[in-house]
Amino acid sequence: MKPGLPRPLVSSTGCLEAGRSGQPLIYNLAYYSTPRDGLNDEDIAAILKVARKYNKKNDISGILIYENNLFLQILEGEKDRVKDLFDRIRKDPRHHNIQPYVQSLASDRIFRDWSMAYKNLNTLGLHWVDDLLKLGDKKHQYFESLKKIREQL
Numbered sequence: 011m012k013p014g015l016p017r018p019l020v021s022s023t024g025c026l027e028a029g030r031s032g033q034p035l036i037y038n039l040a041y042y043s044t045p046r047d048g049l050n051d052e053d054i055a056a057i058l059k060v061a062r063k064y065n066k067k068n069d070i071s072g073i074l075i076y077e078n079n080l081f082l083q084i085l086e087g088e089k090d091r092v093k094d095l096f097d098r099i100r101k102d103p104r105h106h107n108i109q110p111y112v113q114s115l116a117s118d119r120i121f122r123d124w125s126m127a128y129k130n131l132n133t134l135g136l137h138w139v140d141d142l143l144k145l146g147d148k149k150h151q152y153f154e155s156l157k158k159i160r161e162q163l
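Here you go:
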């Protein structure tokens, strides 16, 4: 684990199968990782091309955020599909130190229109990843922060 990062937080509401409307709940998985040395913009473009095609086919939405040599990715969709994708992601040699951060169920997607958005916060002068990781187990603040990020992009 990268020095200064919080311990991974993996929390799940687990037993809920459907929301109030009877619709299946959306599984939300966030993780952070460290890109391998030498990963460049062309590598990231290749990752995004494959991710967008796969995610669209599997009804997965989300965002990949890069800040200060750290990736934070949020994936949303049907639980088994997101977990299968995360298993594939864990095997990808283009990053390491892959740590699940939050796993939960929600009644709606935050990034519903994005098969895989990408933001390099270093180029925008923003520092959301550090702020999100500092929230620890305050999950309600985590989701509110994600909604604010979505509105600003």
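Take the sequence shown: its letters are residues 11 to 163, numbered as in our numbering. Quick reminder that beta carbons are idealized off the backbone N, C-alpha and C, glycines included. Note that this is a predicted model, so its numbers are computed, not measured.
Distance, residue j Cα to residue i Cα
{"i": "residue 33", "j": "residue 97", "result": "26 Å"}
{"i": "residue 69", "j": "residue 125", "result": "8 Å"}
{"i": "residue 88", "j": "residue 49", "result": "30 Å"}
{"i": "residue 35", "j": "residue 95", "result": "18 Å"}
{"i": "residue 53", "j": "residue 120", "result": "26 Å"}
{"i": "residue 91", "j": "residue 38", "result": "11 Å"}
{"i": "residue 106", "j": "residue 40", "result": "15 Å"}
Residues bridged to residue i [DSSP beta-bridge criterion]
{"i": "residue 48", "result": "Beta-bridge pairing links residue 48 to no other residue."}
{"i": "residue 39", "result": "85, 113"}
Review point. Taking contact to mean at least 3 C-beta pairs separated by less than 8 Å, is the region 79-88 in contact with the region 35-54?
Key: yes
Review point. Residue ranges of each alpha helix (DSSP H) run of no fewer than 4 residues wholly in the region 74-130, ordered along the chain?
Key: 89-100
Point to revise | Stretch-stretch touch, CB-based, cutoff 8 Å, three pairs: the region 60-70 with the region 101-118 | key: no
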